[in-house]
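Working notes, beginning with the structure itself.
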Amino acid sequence: MPEIDVYACFYDLVRQIPRGRVSTYGALARALGDVRAARAAGEMLAENPDPKRIPCHRVVRSDGTLGGFTHPEGLKEKIRRLREEGVEVRNGRIVDFESVVFEDFRTSYPLRALREEQLSLRSLVKLEDRPFDVVVGVDVAYAGRDAFGVGVAMNLRGKVLEIHVVRKRVSIPYIPTYLAFREEPVVRGIIEHFGKDAVYMLDGNGVLHPYRMGLATCVGVKNRVATIGVAKSLLCGTVKDGVVYLEGEPVGVEMRGRGKPIYVSPGHLITLKTAAEITLKLRKYRVPEPTRLAHLEAKAFRERELRRRPQWSTHPAF
DNA sequence: GCGACAG
DNA sequence: ATCTTGTCGC
Numbered sequence: 234m235p236e237i238d239v240y241a242c243f244y245d246l247v248r249q250i251p252r253g254r255v256s257t258y259g260a261l262a263r264a265l266g267d268v269r270a271a272r273a274a275g276e277m278l279a280e281n282p283d284p285k286r287i288p289c290h291r292v293v294r295s296d297g298t299l300g301g302f303t304h305p306e307g308l309k310e311k312i313r314r315l316r317e318e319g320v321e322v323r324n325g326r327i328v329d330f331e332s333v334v335f336e337d338f339r340t341s342y343p344l345r346a347l348r349e350e351q352l353s354l355r356s357l358v359k360l361e362d363r364p365f366d367v368v369v370g371v372d373v374a375y376a377g378r379d380a381f382g383v384g385v386a387m388n389l390r391g392k393v394l395e396i397h398v399v400r401k402r403v404s405i406p407y408i409p410t411y412l413a414f415r416e417e418p419v420v421r422g423i424i425e426h427f428g429k430d431a432v433y434m435l436d437g438n439g440v441l442h443p444y445r446m447g448l449a450t451c452v453g454v455k456n457r458v459a460t461i462g463v464a465k466s467l468l469c470g471t472v473k474d475g476v477v478y479l480e481g482e483p484v485g486v487e488m489r490g491r492g493k494p495i496y497v498s499p500g501h502l503i504t505l506k507t508a509a510e511i512t513l514k515l516r517k518y519r520v521p522e523p524t525r526l527a528h529l530e531a532k533a534f535r536e537r538e539l540r541r542r543p544q545w546s547t548h549p550a551f
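Anchor point for the first sequence: position 124 equals 357 in our numbering, and the numbering is continuous, going up by one each time.
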């Protein structure tokens, strides 16, 4: 299945906003297929790769106030461009907002297709143990759309066996509940190196997800590997006696230590019990060692690469 | 000001 | 997640 390029879809939507009109972060998100993408809309506008053809100055907040503008001149330039097109701005608000707002997008709602994919993958999830003796912790650092993924292979006694790094350009921004579509292609590169016999420990959730298809589960099902999800905050569900429940079913455990808890859930080809045991066994600090080390390595990898090719860093679009 | 949704 | 100086607390 080809990866949907949500960035490209989004910029196509922005280009549909006519001169002299404005639209909103939320309206663009709904045109993508889910209002949860409203913040991601703002991020994608801030990274506008082609301001000449993509009129990001025509996107404002749903209450008619201006929102932000990534430009050396700041908001002043957004106002200047809007006025130049005949859009009146007074006291930081669009005048007669209701009559200039544009929402009539031509769209195929790409996020709906992704949601459907989550629902269809759900029937393939298997939460049964398989034997293993290596755990690969995975984490990803970003510089704009460039992802730097790291896998740290470890035996069950916590000894580091090998570290592998991959680099990839992502095709979707971070949108809550769609994280897997952003990161799974990066993780796939790490699985291609370490193979399918290890258990992969990922930074995010497994079945602890509104559609039971968090990053770890998605990675597991698509690549036929065992996975564990370790999240640093609760995405959904209710905690009772250290167990996270979703629709009455146990989907994860809350692990408390010194500070904020972490949330462990099985991804694929593992039970909740084993996922929790492995995590506990490899935990020295708050985040278990495989993931913690992968996080450190990913950040270091990104810094090395940005030093070598500084133009990769996210620059103002103008 | 409140609510807030992994990374 | 990233942007980022000094500051607060265990």
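Idealized CB from N, CA, C, for every residue including glycine.
For the beta strand (DSSP E) that M387 lies in, which residues bound it at each end? Walking along the first sequence from the start, residue 387 turns up at place 154. It spans D379 to N388 - the beta strand (DSSP E) in which M387 sits, taken as one unbroken run.
Inter-residue Cα distance where the pair is L533 and V373: What you label residue 533 is simply residue 300 of the first sequence in a count that begins at 1. What you label residue 373 is simply residue 140 of the first sequence in a count that begins at 1. Looking at the sequence provided, one finds Ala at residue 533 rather than Leu. Between A533 and V373, the C-alpha separation is close to 11 Å.
Provide the residue span of the beta strand (DSSP E) that contains Y375, from first to last. Position 142 of the first sequence holds residue 375. Here the beta strand (DSSP E) through Y375 covers V367 to A376.
Check each candidate in R286, G370 and K473 and name the one with the smallest Cα separation from R525. Sequence index remark: in the first sequence, residue 525 carries index 292 (1-based). Per the Cα distances, G370.
Can you tell me whether I424 is helix, strand or coil according to DSSP? Translated into positions along the first sequence, residue 424 becomes position 191. Residue state, collapsed to three classes: helix.
So what does DSSP say about K455, is it helix, strand or coil? Looking up residue 455 in the first sequence gives position 222. Helix, per DSSP.
What is the rounded straight-line gap between the Cα of R400 and the Cα of V328? By 1-based counting over the first sequence, the position of residue 400 is 167. By 1-based counting over the first sequence, the position of residue 328 is 95. So the two alpha carbons sit approximately 46 Å from each other.
Here's the rule I'm using: 16 or more other beta-carbon atoms within 10 Å means buried, otherwise exposed. How should E317 be labelled? Walking along the first sequence from the start, residue 317 turns up at place 84. It is exposed - the Cβ of E317 has fewer than 16 other Cβ atoms within 10 Å.
Classify G259 as helix, strand or coil using the three-state DSSP reduction. Position 26 of the first sequence, counted from the start, is the residue given in the question as residue 259. Here G259 sits in helix by DSSP.
Find the nearest neighbour of R421 within the set L308, S295 and G382, judged by alpha-carbon distance. Walking along the first sequence from the start, residue 421 turns up at place 188. Per the Cα distances, G382.
Member of R313, D296, G485 and Y411 whose CA lies at the smallest distance from the CA of H304: Counted from its first residue, the first sequence places residue 304 at position 71. When each option's Cα is compared against that of H304, the closest is R313.
Tell me whether the beta-carbon of F338 lies closer than 9 Å to the beta-carbon of V255. Taking the first sequence and counting its residues from 1, the one referred to as residue 338 is at position 105. Taking the first sequence and counting its residues from 1, the one referred to as residue 255 is at position 22. For F338 and V255, no; Cβs fall outside 9 Å.
With DSSP as the reference, identify every bridge partner of S498, one or two as the case may be. Numbered from 1 along the first sequence, position 265 holds the residue referred to as residue 498. Its beta-bridge partners are G462.
With a CB to CB cut of under 7 Å and the five nearest residues on each side skipped, what residues in its chain are close to V320? For the purposes of this step, residue 320 is taken as the residue at position 87 of the first sequence. Excluding sequence neighbours, V320 sits near G253, V255, I327 and V333.
Roughly how many angstroms separate the alpha carbons of S546 and A531, rounded to a whole number? Taking the first sequence and counting its residues from 1, one reaches residue 546 at position 313. Taking the first sequence and counting its residues from 1, one reaches residue 531 at position 298. With a pLDDT of 42 at S546, under the threshold of 50, the modelled position of that residue is not reliable, and no figure is offered here.
Between A273 and the rest of its own chain, which residues show a CB-CB distance below 7 Å, the 5 nearest in sequence each way excluded? Numbered from 1 along the first sequence, position 40 holds the residue referred to as residue 273. Once the five neighbours on either side are set aside, the close Cβ partners of A273 are P406, Y407 and I408.
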